[in-house]
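Below: the structure, in structure tokens.
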Amino acid sequence: MKKRIAGLLVITSMLLVSACGNKSNNEGASSSPAKGETKTLNVVNWKSYGSDDPEVVKEFEEKYNVKVVHQYMASEEELLTRLRTSKEGDIDVILPNASILPVAIGEGLLQPIDTAKLANYSSIYEPFKNIPENAKDGKVYAVPWVWGSTAIAYNPETVKAPIDSVQVFWDEQYKGKIAFRDDFNDAIMTAALALGQDPNHPSDLDAIKKKLIEQKPLNRTYWKTGDEFSKLYAGKMADIGLMWSGQTASMKKEGQNIKYVIPKEGAIGWIDNWAIVKGSKNSDLANQFIDFMIDRKFQESWVNKGGPAPVNKEVGKNLDPAFVEEMGLDEKTIGKLKFIAYHTDEEKRKWNELWLEVKSH
Amino acid sequence: MLKKGIGWTYVSLVLLFLYAPILVLMAMSFNASKYNALPFEFSMRWYRELAGNDKLIDASLTSVYIAAGTAVICVVLATMLMLWAVQTNSKLKRWIDSLVVLPLTIPWLILGLSLLLLVSAAGIDKNFTVLLIGHVVISLPYAVLVIKARLQSMDLTINEASASLGANEWTTVWRITLPLLFPAMLAGGFLAFVISFDNFILSYFLIPGGSSTLPIEIYSSIKFGFTPEINAVSTVMLTATTLLIVLIATIMRSSLKFFLK
Amino acid sequence: MDRKIWLMSPAVFLLLIFCVVPLFIMVYYSFLSDGTGGHWTIQNYMDFFQKDIYLKLTWKTVKMSFYVTVISLLISYPMAYVMVSIIQGGKNILLMAIIVPFWTSQLVRAYSWQNLLRDGGLLEIVLRKLHLIGSGPLGLMFTSTAVIIAMVHIFFPYMVITIYMSLEKVDGALVEASKSLKAGPLTTFRRIVLPLSKPGIISGCILVFVPSLGVFVEPRVLGGTQGTVIGTVIEDQFFEIYGWNFGAAVSFILLAIILLSMAVLSRFAKEEA
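Protein chains in written order, with full-length UniProt numbering: chain P, 1 to 361; chain R, 1 to 261; chain L, 1 to 273.
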């Protein structure tokens, strides 16, 4: 009896939910443009991350006579959930990174990209064309767009001694001034760098945990979102942080006195890539969008506004060399970075739990 | 007199605590720094940017509409439910008491995720109907608990007296119970409104592509930082609400008094 | 049968379909093993009880929520009482004044507290001007005190409203009668006013304690390196890793704790009566 009631409830709810859906579908149909009018390209990206700049959107829309609609992502894992639960054709272009790309490709959520159709593909730095996570069976599924590092940002007013090592996060003299990142990946990889382990495949997780617990009392706080860090820093609550190159550049442009250093041990590297969702009804348009995004013109204007490092190697030639040097925007830096590799769900869970143990220690 | 003095002092202190962060938040909308940094430097920069930010304005309006719809539905449902609860001695009542607070006890993330799974299993588009239902579900406990607090303390003998004087049931509800409940309905509605207005996760899961709400705009910005435009929006809304309340209070003074007596 | 059952059916119907059914989906997930082709397991629940950190974080969160509830009650009861008994005129305006701050985002308010509480922040400046503190730093920021202050700020208005709603209906005649029987003000309060306002207190405590358990923004922004709570764990399972099953299991353990404490609360309420 109870089982039957439960079953009935599930079915009723399904029906009701669909009824709600149908109703609004009809509403949608009446207001959607008639055939032959402008196409809409649905893009999922971080908010305020280059492609949703109103001027950029306007330029692309006018050039191709289309409409670009942005949706925002909250995290890589959330993007994956969104891909899995959205209907075919709802999303055209997304911005995943290596932490979810192999899964998305493996589950058939993405479609291969014909790089020959991208006029600007040849201008991408060579190493970025061969990222293992971006391809499968010789087919390319993701096109690099911007990249950067996660290293040390500090306040030159209060930190006078030269900084060149990741050990600064373990330096007693900076106790109470440090804001380490609250992220299992960044924390573990940084500790691995400090211990001389391979950041992507650390050999001794226990040592890493010990090292992170050792680091904990030196912090003023941990930061999780870029929003938090910028307010901590500007409010003079932290002077040294494990920080992204892109955000540091943008804070510099906003007038903050902040310096950036890639330590001698190397630093964490990351790449954001464009990919086209399987079932997209606008594949050609999606190609044009990606090509537009890796075009020298866009990439140059963004990096000059404080964006992350461009993948287009033509851009670097026009930039201020001192800025390029400090923020690590050139090819030389690429060699120093340990780019975040794909980790299985199992590994991520383990790392996350390790980090949780450190935080609740 | 002394009693009154102590009373007002206490109320002022509580209001100071309540409004201190709100005043800071409003002040920061006039501060030039993008990161709320001091020293304070007066600037209208964020209001100028807000004026040109159609997306943020649209999102804020969408939030207001959804919250208003949620509030109305919640008050109606909660009042009906409580009118039933107060006159019944059904065994169901205890179960329903727990059922009503259930949405409060489940993290919104989990509730939102399961609604998303339900929607996607049913193979339908995300839409505003489901979104509104989700908001009603999470806001309903607030409306119910406020109305309940009122109703249970209410003197039920009034109803009985009225009934024994020959007023039929509906006249009693309409002329006596509802006016007595009115302040609680109003407060419950406001609470439902603000719960919906500040909810990020349900909207985020269920909103159709291309639409946005104010919390979505805020929480999507945290990766790289939101600007004091958000403070500016909040300041505009707070000011508008305050003015609206003062206006309504002035115009409807007499009729309000009638209701609240 | 109850002939007014239609009054409650819309709300109950809505809750059954759009809250209970989705929850069944989540219960199902919580008993599923990780990975593709998951099978039935109680491992997710076992994990919670076998590892110290989850119990530790749960206990920490329950304690924190308890403090927030007690402090909110201590602030709210006098507030509601004063509004009802001393400030007769303008109490509706006051009620509005208590709700209006909710128009602002919880996250933005947390940052405001950062500006107020940090060393060299506004509170420190004001307190120093008033000569209430010495020249040392305030030392409030990134402590559990800061988190509790911000959480009380968010939740106590609910309590004021529910207590106010029940107190306002306390019959003045009863209080007068009690006084005429020569009962002292304290006795009148304890024997008449307090019992009558109990529904408001209970509703208020639920509205403060329960949502406090799921909070994670304030602890993170204001709690420093000790800002991890059980709400953080649940968020992580969705946003940081693919751990829905475990996240659902943690949520249901929390739910069990809440239902248990509500049962205790209602038994307590009955015994008093």
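Backbone N, C-alpha and C define an ideal beta-carbon position, used for all residues, glycine too.
To which residues does DSSP link residue i through a beta bridge?
i, result
"residue 148(P)", "270(P)"
"residue 110(P)", "277(P)"
"residue 221(P)", "179(P)"
"residue 68(P)", "41(P)"
"residue 135(P)", "140(P)"
"residue 153(P)", "241(P), 260(P)"
"residue 312(P)", "124(P)"
"residue 31(R)", "42(R)"
"residue 94(P)", "44(P), 275(P)"
Ends of the beta strand (DSSP E) at residue i?
i, result
"residue 179(P)", "178-181"
"residue 244(P)", "240-244"
"residue 141(P)", "First-last for residue 141(P): undefined, no H or E at that position."
"residue 169(L)", "No beta strand (DSSP E) holds residue 169(L); DSSP gives it neither H nor E."
Under DSSP, the alpha helix (DSSP H) around residue i begins and ends at which residues?
i, result
"residue 226(P)", "226-234"
"residue 324(P)", "321-327"
"residue 447(P)", "Past the boundaries of the shown model lies residue 447(P); chain P is included only from 1 to 361, so the question cannot be answered."
"residue 236(R)", "229-251"
"residue 65(R)", "54-87"
"residue 210(P)", "205-215"
"residue 208(L)", "198-213"
"residue 348(P)", "345-359"
"residue 339(P)", "It is not in any alpha helix (DSSP H) - residue 339(P) instead sits in the beta strand (DSSP E) that spans 337-339."
"residue 198(P)", "First-last for residue 198(P): undefined, no H or E at that position."
"residue 226(L)", "Looking at the DSSP string, residue 226(L) is not in any alpha helix (DSSP H), and its letter there is neither H nor E."
"residue 193(R)", "178-197"
"residue 69(L)", "52-85"
"residue 302(P)", "296-304"
"residue 287(P)", "283-293"
"residue 103(R)", "92-105"
Please state the DSSP three-state secondary structure of residue i.
i, result
"residue 188(P)", "helix"
"residue 30(P)", "Low confidence applies here, because residue 30(P) scores a pLDDT of 38, under 50, leaving its location unreliable; read the following figure in that light. In this structure, residue 30(P) counts as helix in the three-state DSSP scheme."
"residue 23(P)", "Any answer about residue 23(P) is weak, because its pLDDT of 47 lies below 50 and its placement is not dependable; what the coordinates show is given next. Helix at residue 23(P)."
"residue 5(L)", "helix"
"residue 122(R)", "coil"
"residue 318(P)", "helix"
"residue 168(P)", "helix"
"residue 252(P)", "helix"
"residue 115(L)", "helix"
"residue 40(L)", "strand"
"residue 13(L)", "helix"
"residue 32(L)", "strand"
"residue 158(P)", "coil"
"residue 182(L)", "coil"
"residue 133(R)", "helix"
Since residue i contacts residue j with CB under 8 Å, what's their CB separation in whole angstroms?
i, j, result
"residue 99(L)", "residue 190(R)", "5 Å"
"residue 117(P)", "residue 241(L)", "Their Cβ separation, rounded to whole angstroms, is 35 Å, which puts residue 117(P) and residue 241(L) out of contact at 8 Å."
"residue 247(P)", "residue 224(R)", "6 Å"
"residue 161(L)", "residue 357(P)", "That belief does not hold up - the Cβ atoms of residue 161(L) and residue 357(P) are roughly 40 Å apart, past 8 Å."
"residue 41(P)", "residue 285(P)", "5 Å"
"residue 68(L)", "residue 208(L)", "6 Å"
"residue 346(P)", "residue 239(L)", "The pair is not a contact, with the Cβ atoms about 18 Å apart (cut-off 8 Å)."
"residue 223(L)", "residue 152(L)", "The pair is not a contact, with the Cβ atoms about 14 Å apart (cut-off 8 Å)."
"residue 31(L)", "residue 42(L)", "7 Å"
"residue 206(R)", "residue 146(R)", "No, residue 206(R) and residue 146(R) are not in contact; Cβ-Cβ is about 26 Å, not under 8 Å."
"residue 210(P)", "residue 183(P)", "Not a contact, Cβ separation roughly 19 Å."
"residue 136(P)", "residue 100(P)", "With 8 Å as the limit, residue 136(P) and residue 100(P) do not qualify as a contact, their Cβ atoms being about 14 Å apart."
Using Cβ-Cβ distances below 9 Å, what residues of the segment 162-195 of chain R are close to chain C?
Any reference to chain C falls outside this structure, whose protein chains are P, R and L.
Whether or not the segment 211-221 of chain P and the segment 287-306 of chain P are in contact is what I'm after, with contact meaning three or more pairs of Cβ atoms, one per stretch, closer than 8 Å; do they touch?
no
Contact the segment 230-244 of chain P vs the segment 36-56 of chain P: 3+ CB pairs below 8 Å:
no
Does the pairing of the segment 139-149 of chain P with the segment 163-183 of chain P give three or more beta-carbon distances under 8 Å?
no
Is the number of C-beta pairs between the segment 47-55 of chain R and the segment 241-252 of chain P that are closer than 8 Å three or more?
no
contact_flag[the segment 250-260 of chain P, the segment 76-92 of chain P] where n(CB pairs < 8 Å) is 3 or more
no
Decide if the segment 101-115 of chain R is in contact with the segment 249-266 of chain L; the criterion is three or more beta carbon pairs, one per stretch, under 8 Å apart.
yes
Are three or more beta carbon pairs between the segment 59-74 of chain R and the segment 131-142 of chain R nearer than 8 Å?
yes
Check whether the segment 310-324 of chain P touches the segment 289-298 of chain P, counting contact only when three or more Cβ pairs, one atom from each stretch, lie closer than 8 Å.
yes
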